[in-house]
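Reviewing the structure listed below.
There are 2 protein chains.
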Amino acid sequence: MVKTTNPAAVAERLHAGAIRLLRRVRVADSEAALSAPKLSALSVLVFAGPMSLKALAAAEQVKPPTMSKLVADLEAEALAVKTVDRADKRAVTIAATAKGRTLMEEGRKRRLALLTKSLRTLSARELQTLAAAAELMLALE
Amino acid sequence: MVKTTNPAAVAERLHAGAIRLLRRVRVADSEAALSAPKLSALSVLVFAGPMSLKALAAAEQVKPPTMSKLVADLEAEALAVKTVDRADKRAVTIAATAKGRTLMEEGRKRRLALLTKSLRTLSARELQTLAAAAELMLALE
DNA sequence: ACTATTAGTTAGTCAAACTAACTATATGAT
DNA sequence: ATCATATAGTTAGTTTGACTAACTAATAGT
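Listed below in structure tokens is the structure:
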């Protein structure tokens with residue numbers, strides 16, 4: 001095995017690998033009941049809990065007007081609820097509903113099912129390498 | 142270290158890691174002269190060589206009309222050229238120009254610069270793990 | 001108390017995706 | 001050989017999700 005520890009070379013391969021991986025996963029997204037940006041926002045609400053529109057927009061790296069529309073759509077489908085903050089009446093707290101949690105979980109499972117299937121063909125050692133790499137990617141500053 | 146060889150668990154972490162990584166990289170994209178879909182199409186032309194619109198659309202997983210517009214824009218900026226196929230006059234062959242190759246290369250470098258910088262903080266062993274993982278991701282069927 | 005700031009929404013624009021429908025060319029079946 | 005069918009690409013029109021600018025409502029800071 002070639003020991004590739006040149007950061008630029010690793011960056012290139014890792015970038016290409018991440019693109020390839022997500023492209024594969026995205027194929028399953030077409031069946032989803034919800035678009036990718038909405039599913040993503042919903043998953044933030046589920047995992048990080050209720051938060052303001054501003055915080056949700058920041059978490060998803062979009063501007064408030066963009067998130068305002070996404071949340072309005074989620075609310076129209078009863079997947080999230082908006083409540084006026086008692087302490088600050090300008091602000092709203094957005095939370096996933098039980099229906100939202102369920103739908104998000106299903107979407108996530110469907111997306112991951114294809115990837116899981118691919119991973120089953122790998123050895124335990126290869127899976128360990130990927131697991132370790134995933135943690136490194138998540139920890140990148 | 143926990144030995145995570147459960148494919149579903151690895152899939153979940155790897156998916157999250159890939160999203161995180163690409164999101165970081167995308168920040169640098171705002172400075173790019175070309176949008177992500179155009180840069181991506183251009184890179185396919187550079188790396189895989191000239192091809193028909195249909196093939197390019199398939200490679201990018203979009204429908205022909207979508208690619209038709211992207212290519213028209215690339216052509217308007219002299220980053221790609223379209224020539225009618227001699228054997229089949231319905232078909233066109235799309236190729237990157239020298240200008241296109243240069244621009245694509247610059248865009249890629251800019252995108253990877255940030256990632257490379259992050260990777261520099263990692264140990265040689267960690268880089269090897271990521272390099273190995275990248276190859277596994279690229280090889281996934 | 002008045003000004004400035006902040007949270008969110010509304011209006012309007014743009015890029016990129018789609019489908020449907022079109023033109024032009026190629027293929028194939030009788 | 002001709003006519004029907006299929007294929008390559010484009011054009012037209014729609015939708016979604018992103019943006020900025022400008023607005024309302026509420027809070028915070030002199």
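Residue numbers (my numbering), protein chains in the order written: chain A, 1 to 141; chain B, 142 to 282. No residue lacks a Cβ here, since even glycine has one placed at the ideal position from N, Cα and C.
Note down the Cα distance separating Leu244 of chain B from Ala254 of chain B, rounded to an integer number of angstroms.
15 Å
Give a yes or no on whether 7 Å exceeds the smallest Cβ distance from Pro64 of chain A to chain B.
no
Cβ-Cβ separation, Ala237 of chain B to Leu220 of chain B (assumed contact under 8 Å), whole Å:
7 Å
Can you list, in chain order, the residues of the region 126 to 137 of chain A whose Cβ is nearer than 8 Å to any Cβ on chain B?
Glu126, Leu127, Gln128, Thr129, Leu130, Ala131, Ala132, Ala133, Ala134, Glu135, Leu136 and Met137
Use the C-beta contact count for Ala273 of chain B: other C-beta atoms within 10 angstroms, 16 or more gives buried, fewer gives exposed.
buried
Can you round the beta-carbon distance between Ile235 of chain B and Leu268 of chain B to whole angstroms, since I take them to be within the 8 Å contact cut?
About 37 Å; that fails the 8 Å criterion.
When you compare only the Cα positions, how much space is there between Ala196 of chain B and Pro37 of chain A?
28 Å
Can you pull the chain B residues whose beta carbon is under 8 Å from the beta carbon of Gly107 of chain A, in chain order?
What Gly107 of chain A touches in chain B: nothing, since even the nearest Cβ is about 12 Å away.
By DSSP, does Thr257 of chain B sit in helix, in strand, or in coil?
helix
For Thr207 of chain B, three-class secondary structure by DSSP
helix
Does the beta carbon of Thr102 of chain A sit closer than 7 Å to a beta carbon anywhere in chain B?
no
Check this for me: beta carbons of Leu281 of chain B and Leu136 of chain A, under 7 Å apart or not?
no
Under 7 Å Cβ-Cβ, which residues of chain B neighbour Ala124 of chain A?
Thr146
Does Lys82 of chain A come out as helix, strand or coil in the three-state DSSP assignment?
strand
Got a sec, what are the start and stop residues for the beta strand (DSSP E) Thr93 of chain A sits in?
Val92 to Ala96
Compute the distance between the beta-carbons of Gly158 of chain B and Leu138 of chain A, then report whether it is under 7 Å.
yes
Three or more C-beta pairs under 8 Å: does that hold for the region 204 to 211 of chain B against the region 185 to 193 of chain B?
no
Looking only at DSSP bridge pairs, what is Ser52 of chain A linked to?
A:Thr93
Looking at the structure shown, is Glu33 of chain A part of a helix, part of a strand, or coil, going by DSSP?
The question names Glu, yet the displayed sequence has Ala at residue 33 of chain A. Ala33 of chain A: coil per DSSP, three-state reduction.
Three-way DSSP call (helix, strand, coil) for Thr270 of chain B in this model:
helix
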